[in-house]
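Below is one structure, written out as structure tokens; comments come after it.
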Amino acid sequence: MLTLHNSFVCHHSKSLRNLPRSRCAFLNLRTEADVLLAVSAYHNTAFNGCQLVCRPRNIQDKPNWTPTSAPKFQFEARYFILKSLTRDDLEIATARGWWATQAKNEAILDKAFKSTRDVYLIFSANKSGEFYGYARCVSSPLCSLFDKYATLGTPFKIKWITIQPLPFSRVKYLRNAWNANKPIKVSRDGIEVETSIGKRLLQEFDSERHR
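Numbering follows the working numbering, with no gaps: position 105 of the sequence shown is 248.
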């Protein structure tokens, strides 16, 4: 039960009642916004080898409501470049399903997570000459599930979508208008990518996988 409670701590949980015989639990959150955000983040995700089905109790009986219909986000998708010192760190993140970024990036990603349906994180190791892959953010970087690192922030949950090396040479034509129109490969850690370019970058991963 503690593990389940910790999984939702980012969403300001007040209490948890576990019903093991019914294979369900009731989690009380502070606001309706927290409820809808938790549903959006965790519905149909894996937990201890099982698939979570999440829905708010107070509106679950409304005939026109479905978990995927709420909440209404300000943005459909946003894209960020995250840099790693080594490829080894990325492989650890792949195995564990979490990442820790610099503290200066946490507030930016937290705001994006709360206002955006899908926050995509595009990873690259320094001096690798390529992008490593991309993941979707599934918890707030300001979550306290883990202890902070000495030089980084708190690890937060991510869901890997594609792990596919993408050489910078394949995307040299892409420039980020939100970074002085520099080539996409010239990106500092935590930089946001202009929406249309971010979408095209993700498409390049798919093209590279089928090349």
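C-beta atoms are modelled at their ideal positions from N, C-alpha and C, and glycine is treated no differently.
Owing to the predicted nature of the structure, the values given are computational and were not obtained by experimental measurement.
Looking only at Trp241, Gly341 and Ser258, the smallest Cα-Cα distance to Phe216 is reached by Ser258. Annotation: the continuous alpha helix (DSSP H) that includes Phe256 extends over Ala246 to Ser258. Under the three-state reduction of DSSP output, Val281 falls in the coil class, being neither helix nor strand. By the CB criterion at 8 Å, Leu225 and Trp242 fall inside the cutoff.
In the same chain as Ala236, and ignoring 5 residues on each side of it, the C-beta atoms closer than 6 Å to its own belong to Trp242, in chain order.
Taking all protein chains in view, the Cβ of Gly296 is crowded by 16 or more other Cβ atoms within 10 Å, so the residue is classified as buried. Judged by DSSP in its simplified three-state form, Val336 adopts strand. Contact annotation, Leu344 with Ile265: C-beta distance approximately 6 Å; criterion of less than 8 Å satisfied. Counting the other Cβ atoms within 10 Å of the Cβ of Ala255 gives 16 or more, which makes it buried.
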